[in-house]
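Residue numbers (this note's numbering), protein chains in the order written: chain A, 7 to 499; chain B, 75 to 566. Ideal placement from N, C-alpha and C gives every residue a C-beta, glycine not left out. The structure presented is a predicted model; accordingly, all values stated were derived computationally and were not measured.
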């Protein structure tokens, strides 16, 4: 038998159910892997006892025939989800030492479904970043290395960089991510794993540290499409505590998995063929088109004419909301406080926020404050809201011609740590293919499609209509079956 | 038109007033959280995770607060916006945990309405309402707990407020005072705000400018958080005077926010427009637009009580009350409610008993409450007891004099009037035999006066009435006494 940590969520669930191994053995194996993987800095907090406790419950449940959908499966939880009794920081020093007395709806649902927690995963500070380099708790290092024999540390993508690294390096069979403008999909693509952002409103945002409320959406990151479907079922569902939560039944996505795409039309958005994207990206995209054809789908070219405005629109709306959402980190009630002697309240605010926030967070707070300020609101924020509507309408029009869209996930493979840090615009460009679906609130997924010339994973992205996660998952499965992506990073850590 | 004028060195000035009244919504729970809203609780005992703005917490609208604001809008004949939206007003302060207040700038719940205000001398004036929006209240800073730190009490944080914005339609302190009193009355009738200004559940931002009559509006100042009708009127008087003096001394009024100091009766500049916060309002992305169904609006309308103006008209027309009595009894909902309970307890029609009941409430009951330093809410006499007293007068058991005696005993003992009459034998008598006997005694004892009367000194009749009543310890039915006396005196 292969190592337990090589198994994905479905295999672990089934193995525990069949008695092939105990949940405790699974938890122990992953706890060991987490410990051995510390060099990757994927975790901010490790919670081996949580994983073991859930495993013991699972083993008892098996004996009494009360197994739940995720019994025996230990997961990593992105440190943006508030976890009761376990420090939650959003990877920001301003929240260091903050221990919630409440459990986020999504993590609570996963635990109710029987899952255990291996730890809290590192991320870009407040989920603002595409490389996990903005974390207040250090870079996460991708387990992948270029095939040139060099040891350049690569970015795991972001903001769910701890999640992508941990799943890819087999420290977790699955992990929660959040996606505001690509934060599940881009790191999944960078590390050769799968990840889906469901329709906005499917997952409750209650208890997730807010970055940009109108865009933030939780989703699973796992080894394959089926594992994503299993986790997604456990994570979604109506929550009266989130006004934007969708009051809809949760589909049985795993049972609905079907790679036969006959009768489906796949749109290829012509505006996603942009200058400066490496040929390898377009090549893998073309292979994906052939794979979906092979799965029975019809391919049509579609136009999303406002695509070029998506990135600037995103970088107005997201910082605007963030500038307001992050106002609560003021040193008054929790987290870090820096109070200069004899200082005023304003002095305390300034010192606390200067010390607690990193450079990227400060940059976005300033951008957001600027675009909302008197005299600029109409030119920036209001205009961006209008363009956002146009972008959503682009998709609506595309659905008159097709059922789903296929595109690259990111414009490049993983880059080296530090390579883009000095150039925020270059960093922001990472999300060029990801943000349109975020702005429109649509379900979108990245699945691994192959390796580039340097041996690094490349992902393909599927976007579908609101609420049609099943089509996304099914197309993902069709790609997965044909891509035969079995590559994994060699353990060097 | 108000003829209120400020006399300046350069002539007369007119004052222009607009009010933004913040009224705390009566509701068990806060606007966006389930935390309780009781006044006076221990600090930080009525605070939910949402109110404390813990990371990841989200607001969810409390429909009861929305219902109250909609009903308030309906009570002032305002346009109700079935589609409205919440916006964030961003600023930093220690009593504002989120770093923003959830309010409604762009699309308020309630649009234009109006209130009719009664002025001295029987005139009325219509004051326009621009809008009512709902928003969160802030917490409270406590500066007396520590030598170098302020403490924060978040009990009030997130409590629902209605901000009721008037048009700049008022022209004198009296008009502003009448407007606030009328608004308060309507809120209390609707039950959407308790109107308690001392506890801060109603407070006003007072916008004042001055101009030469007939000219364009001048620049206004805004005096924040004024918490009594008296202070509102004082602010207007003081601020108008100050502005006239500034202008006449060659200065200009700057648009600014001011604070009122009741101890020194003056306003002070808090911040000018240049230092004003840039609140960076934008739609709250945590909340969906508020869409109200026709059924919901219908239900709101169906639960509206009879409002003060309608009630006053009805009291005049159906109950036959004087304009004065009707106005006094409808000025506050508690009085009106007490009065109507009293009417109901009499079991008689309003037309039959209304007038007598209103006179008794206004002169006897109010007089007694005043003397005892009590309000009608803690009246020692219940409406049912009042009705019993009125019934005893109506059926002739008690004379006016006797009823006053009985009422005094009711106030002291809390006993029912029937019991008092029974136990103390305070019944009025209409027994002609008994009265005739007393009359005979009185006439016999005052034979000289009888002679005088009979020889034409009519005025002595009152003397005989007094003597007879005195002899009967006030219990004689005055009408019967009168009748029998006249008979006896006119006999011979």
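Check: Under 8 angstroms between C-beta atoms of residue 484(A) and residue 298(A); Outcome: yes
Check: Through-space distance from residue 474(A) to residue 262(A), alpha-carbon basis; Outcome: 12 angstroms
Check: At least 3 beta-carbon pairs within less than 8 angstroms: the segment 161-174 of chain B vs the segment 391-400 of chain B; Outcome: no
Check: Selected residue, minimal CA-CA separation from residue 61(A), among 435(A), 120(A) and 460(A); Outcome: 120(A)
Check: Nearest neighbour of residue 254(B), chosen from 91(B), 76(B) and 515(B) [CA to CA]; Outcome: 91(B)
Check: N-terminal and C-terminal residue of the beta strand (DSSP E) that residue 277(B) is part of; Outcome: 276-285
Check: is_contact[residue 226(B), chain A] using C-beta, thresh 8 angstroms; Outcome: yes
Check: Where the segment 382-409 of chain B meets chain A: residues whose CB sits under 8 angstroms from a CB there; Outcome: none
Check: Whole-number beta carbon distance between residue 146(A) and residue 48(A), since they are thought to touch under 8 angstroms; Outcome: 5 angstroms
Check: Boundaries of the beta strand (DSSP E) in which residue 299(B) is found, first to last residue; Outcome: 295-300
Check: Chain B contact for residue 25(A) (CB, 8 angstroms cutoff); Outcome: no
Check: Cβ neighbour criterion (16 or more within 10 Å) applied to residue 7(A); Outcome: Bear in mind that the predicted position of residue 7(A) carries a pLDDT of just 46, short of 50, making it unreliable; the figure below should be weighed with that in mind. Per the 10 Å Cβ criterion, exposed.
Check: Residue 567(B), buried or exposed, once every other Cβ within 10 Å from all chains shown has been counted against 16; Outcome: Absent from the model: residue 567(B). The displayed extent of chain B is 75 to 566, so no value can be given.
Check: Straight-line Cα distance separating residue 223(A) from residue 496(A); Outcome: 32 angstroms
Check: Beta-carbon proximity check, residue 439(B) vs residue 428(B), cutoff 8 angstroms; Outcome: no
Check: Contact set between the segment 326-338 of chain A and chain B, restricted to residues whose Cβ is under 9 angstroms from the partner; Outcome: 326, 327, 329, 330, 331, 332, 333, 334, 335, 336 and 338
Check: Interface partners of residue 359(B) on chain A, CB under 7 angstroms; Outcome: 219, 220 and 327
Check: Residue 297(B) versus 543(B), 346(B), 249(B) and 188(B), residue with shortest Cα-Cα distance; Outcome: 346(B)
Check: Residues bridged to residue 261(A) (per DSSP); Outcome: DSSP, once it has assigned bridges, lists no residue as partnering residue 261(A).
Check: Whole-angstrom distance between residue 14(A) and residue 236(A), CA atom to CA atom; Outcome: 11 angstroms
Check: As assigned by DSSP and simplified to three states, the class of residue 355(A); Outcome: helix
Check: Which residues DSSP lists as bridging residue 52(A), in chain order; Outcome: 125(A)
Check: Residue 132(A) vs residue 217(A) beta-carbon contact at 8 angstroms; Outcome: yes
Check: Cut-off 7 angstroms between Cβ atoms - residues of its own chain near residue 377(B), not counting five sequence neighbours on either side; Outcome: 145
Check: For residue 129(B): DSSP bridge partner residues; Outcome: BP columns for residue 129(B) are empty, so no partner.
Check: Minimum Cβ-Cβ distance from residue 395(A) to chain B less than 8 angstroms; Outcome: no
Check: Ordered list of beta strand (DSSP E) runs contained in the segment 206-258 of chain A, each at least 3 residues; Outcome: 223-228
Check: Short Cβ contact (8 angstroms threshold) for residue 150(A) with residue 417(A); Outcome: no
Check: Three-state class that DSSP yields for residue 81(B) in the structure shown; Outcome: strand
Check: Chain B within 8 angstroms of residue 88(A), Cβ atoms only; Outcome: yes
Check: Where residue 215(A) meets chain B, residues with beta-carbon distance less than 9 angstroms; Outcome: 129 and 130
Check: For residue 327(A), the nearest candidate out of 355(A), 161(A), 307(A) and 383(A) (CA to CA); Outcome: 383(A)
Check: DSSP-derived helix/strand/coil call for residue 549(B); Outcome: coil
Check: According to DSSP, residues forming a beta bridge with residue 271(B); Outcome: BP columns for residue 271(B) are empty, so no partner.
Check: Unbroken stretches of the alpha helix (DSSP H), 4 residues or longer, contained in the segment 99-154 of chain B; Outcome: 137-149
Check: The alpha helix (DSSP H) enclosing residue 492(B), as first and last residue numbers; Outcome: 491-498
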